[in-house]
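Have a look at the structure below before the remarks.
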Amino acid sequence: MFFTRIDQACVLWAERVTTNSIYAPHASDVHPTSTKKNIMTGPLRGVIAAIATPLTPTNQPDGARFVDHARDLLATGCDGLNVLGTTGEATSFSLQARLALMDVAAKALPCEKLMVGTGTPALDDTVLLTRAAWDLGFSGALVLPPFYYKDVSEDGLHAYIGALVAATADAPIPLYLYNFPALSGLAYGPALVARLFEAFPPRIRGLKDSSGDMDYAHAVAAIDPALSVFPSNEATLLAAHDGPFAGCISATANLNAPLCAKAYRQGDRESLDKAVAVRALFTGRPLIAGVKATIAHLRHDPQWASVCPPLSPSTSTQGETYAKKVSMLRA
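Count along the sequence shown starting at 1, add 813, and that's the number in our numbering.
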């Protein structure tokens, strides 16, 4: 049966991360709220970094490096973190690796500031990750559409999310839809978002939009003020301050968090322009590899530049160039 499989998988996961964690935090590293069950806190808002995932030499998530970077981001301006999204290379990791990194993050970081990607093509796997996110105390689950089959109908996507909601009824973590049609091949259209919000109002809390289509983002935000919409571009932060958006979830917030925070919290135009300039450094270039190469130079840690196949890393020279420009803009 469906639930039996999920329950067994969760037990196996719990045993695995206890005995074979990618990073076993010291007692001083465990966040004081990390052992608490998920508490329905206020909605996520503000500057959220789509945090990159550092790798070990065997292309597994490096928990120690991840926690260090995550703490720095939260200390320098981020209101929250999106763990294991596109920038975090989630779809390149096994379920076991994803669950292990989720466990690391939940033990070491304030869960009320964490959203985690749980979407997969297989409903059972999405349910497993989403239930684990609830059990660990994450504030939200970011759900890609099931991205293998194309030309899926609106009713089909509605049924998929409905099945996820039903299968996690006893683990009711807030769900955020992840609209990234350029990579997933499927879109959460405004009409579908409205249907889902109406059908499952306690669960559907918002949407991350990585389409770059601001007309779309505004259309989704207009569905209901209670629906939190996060574009992926820092340029929207002033609109988020007093307008229709809840904030932004950005890959380049790994690099420009202090600038983003000042723009969002103080409405500072100069800081916004500098934050946008950081993002523009990667226009037309591989974003994930570029961000990680820049982090490698800023943290003086070459291992950070590694990316999972099939992605290719940026060169050390490219990373050094990016890092110098980012440092100038942040000065």
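C-beta: ideal position from N, C-alpha, C; glycine also.
Check the Cα spacing between G1025 and each of A1007, P994, P1014 and P1038: the tightest is with P994. Bounds of the beta strand (DSSP E) holding V896 are G893 to V896. For T871, the closest of R1092, K926, R1112 and P1122 by C-alpha to C-alpha distance is P1122.
In the structure shown, R1016 adopts coil according to DSSP, grouped into three states. In this structure, A980 lies near V940, with their beta-carbon atoms less than 8 Å apart.
Bridge partners of G975 according to DSSP: none are assigned. One thing to note: Y1135 has its Cβ no nearer than 8 Å to the Cβ of L1085. One alpha carbon belongs to T900, the other to I1101, and they sit about 6 Å apart. For the pair T931 and K1137, the Cα-to-Cα distance works out to about 35 Å. Its chain contains G1002, A1004, L1005 and R1008 as the residues whose beta carbon lies nearer than 8 Å to that of E967, once the 5 sequence neighbours on both sides are disregarded; these appear in chain order.
The three-state secondary structure of I1108, taken from DSSP, is helix. A Cβ-Cβ separation of about 7 Å places I861 in contact with M928 under the 8 Å criterion. For Y1077, no pairing in a beta bridge is given by DSSP.
Here T1130 is exposed. Its C-beta has fewer than 16 other C-beta atoms within 10 Å. For the stretch 927-969, the continuous alpha helix (DSSP H) assignments of 4+ residues that do not extend past its boundaries occur at 936-949, in sequence order. By the criterion of at least three beta-carbon pairs nearer than 8 Å, the stretch 1074-1082 is not in contact with the stretch 1030-1046. Annotated three-state conformation of F1043 is strand, per DSSP.
Distance from the Cα of G969 is smallest, within the candidate group L999, A946, A984 and G953, for L999. With respect to P987, S952 sits close: the two C-beta atoms are nearer than 8 Å. Annotated as distal: L1020 and K1087, with beta-carbon spacing of 8 Å or more. Rounded to whole angstroms, the gap between the alpha carbons of P1071 and T889 is 6 Å.
Measuring C-alpha to C-alpha distances from S1140 to each of A1032, P874 and T1107 identifies T1107 as the nearest. The beta carbon of D1037 sits closer than 7 Å to those of F1010, all from its chain and outside the five residues before and after it, given in chain order. In the three-state reduction of the DSSP assignment, D1022 falls in the strand class.
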